[in-house]
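One structure is given here, and the rest of the page talks about it.
In UniProt numbering, the protein residues as written are 1 to 104.
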């Protein structure tokens with residue numbers, strides 16, 4: 001398994017965007033017990049970590065984003081991770097998470 005870009009899109013009517021907005025991006029899912037930036041998959045002791053520009057993007061922690069220029073959105077990547085004691089086999093897996101945008 002390899003690092004992959006997490007493709008997502010932000011859209012909002014341009015005429016309703018306000019530079020005064022504080023806009024954040026966060027993500028949720030079932031956390032692994034061994035990495036606070038990774039979610040569980042259905043493969044035992046194997047998870048997916050989300051990174052923003054090579055840095056861990058912790059679950060449930062907001063990341064500030066530009067409210068008026070979505071072309072500057074964070075570049076997110078999904079990175080496979082495993083517990084230190086994990087013995088992995090070649091298999092398919094699934095993982096589910098939710099990206100959330102909030103603004104004030």
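Using N, Cα and C, we set each Cβ at its ideal position, and we do this for glycine too. As the structure is a prediction and not an experimental result, all values here were calculated from the model.
Endpoints, beta strand (DSSP E) assigned at residue 57: From DSSP, residue 57 is part of no beta strand (DSSP E); its letter is neither H nor E.
CA nearest to the CA of residue 79, picked from 39, 87, 10, 72: 39
Nonlocal neighbours in the same chain, by C-beta distance under 6 angstroms from residue 81, ignoring five residues either side: 35, 38, 47, 49
Buried versus exposed, by CB contacts within 10 Å (16 or more), residue 41: buried
Proximity of residue 28 and residue 100 at Cβ, strictly below 8 angstroms: yes
Completely contained beta strand (DSSP E) runs for the UniProt domain "Fimbrial-type adhesion" (8 to 104), where each covers 3 or more residues: 23 to 29, 38 to 40, 46 to 52, 63 to 65, 76 to 82, 97 to 103
CB of residue 24 within 8 angstroms of CB of residue 64, strictly: yes
Inter-residue Cα distance where the pair is residue 13 and residue 93: 36 angstroms
7 angstroms CB neighbourhood of residue 77 in its chain, flanking five on each side removed: 3, 4, 5, 6, 51
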